[in-house]
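Asks: Each residue of the sequence shown is one higher than the one before, counting from 1 in the numbering used here.
This structure is in structure tokens; I'll ask about it shortly.
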Amino acid sequence: MIEKIRISTKNRNELVDITDEVKKIIEKNKIKSGIIHIFCPHTTAAITINENYDPSVKEDISNFLTKLIPYRSNYAHTEGNADAHIKAAIIGSSRTVFVEDGRLAFGTWQGIFFCEFDGPRTREIWVKILPG
Ligand code: ZN
């Protein structure tokens with residue numbers, strides 16, 4: 001079964017920490033050991049793992065991507081969100097994390113982020129747990 005996390009983003013570009021929502025799914029399903037796959041079913045958003053202790057890190061990632069890949073440029077895709085598609089392709093649509101002792105097996109400073117590149121929108125994140 002796929003679990004779904006629903007979020008509403010507030011800005012065009014934004015990294016949203018979804019670590020607690022993922023932890024809740026692990027707890028709800030009483031998973032002690034396994035693999036959890038976090039997937040973004042959108043073409044202008046992505047999933048990444050990075051530092052969630054200092055909130056300035058997510059701002060730097062978002063701001064620097066926008067500097068590298070400008071909103072307006074000579075893009076072939078004329079829908080007005082070509083930059084968002086490119087950012088989503090670079091970051092990627094999913095991440096996989098180990099679950100051990102009922103917890104995310106993470107580095108001390110790591111968290112899971114939903115990366116919005118064409119917000120604000122209502123978005124879904126699909127999560128699948130493989131116990132084992
Ligand atoms: Zn588009």
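Beta carbons: idealized from backbone N, C-alpha and C, even for Gly.
Small disclaimer: the values here were computed from a predicted structure and weren't measured.
Determine, using beta carbons only, whether S93 and A46 come nearer to each other than 8 Å.
Replies: For S93 and A46, yes; Cβs fall inside 8 Å.
Asks: Please list the terminal residues of the continuous beta strand (DSSP E) segment that includes E100.
Replies: S94 to E100
Asks: For K28, name the three-state secondary structure that DSSP assigns.
Replies: helix
Asks: Nearer than 7 Å: is that true of the beta carbon of H42 relative to any heavy atom of the ligand ZN?
Replies: no
Asks: For the ligand ZN, I want to know if E14 counts as a neighbour, meaning its beta carbon is within less than 7 Å of at least one of the ligand's heavy atoms.
Replies: no
Asks: Closest to D118 by C-alpha separation, out of P131, K30, H42 and I31, would be which residue?
Replies: Measuring from the Cα of D118, the nearest candidate turns out to be H42.
Asks: Which ranges would you report for the alpha helix (DSSP H) in the stretch 2-55 if only whole runs of at least 4 residues count?
Replies: 19-28
Asks: Around the ligand ZN, what residues have a beta-carbon under 6 Å from a heavy atom of it, in chain order?
Replies: H77, E79, N81 and H85
Asks: For the beta strand (DSSP E) containing I129, name the first residue and the last one.
Replies: T122 to P131
Asks: For I112, name the three-state secondary structure that DSSP assigns.
Replies: Strand.
Asks: Tell me which residue opens and which closes the alpha helix (DSSP H) that D83 is part of.
Replies: The continuous alpha helix (DSSP H) containing D83 extends over residues A82 to I91.
Asks: Counting C-beta neighbours from all protein chains within 10 Å, is the total for F64 16 or more, i.e. buried, or is it exposed?
Replies: Residue environment: F64 is assigned as exposed (fewer than 16 neighbouring CB atoms within 10 Å of its CB, all protein chains considered).
Asks: Would you grab the beta carbon distance between T44 and A76 for me? Rounded to a whole angstrom, and I think it's under 8 Å.
Replies: Wrong, their Cβ atoms sit about 16 Å apart, outside the cutoff.
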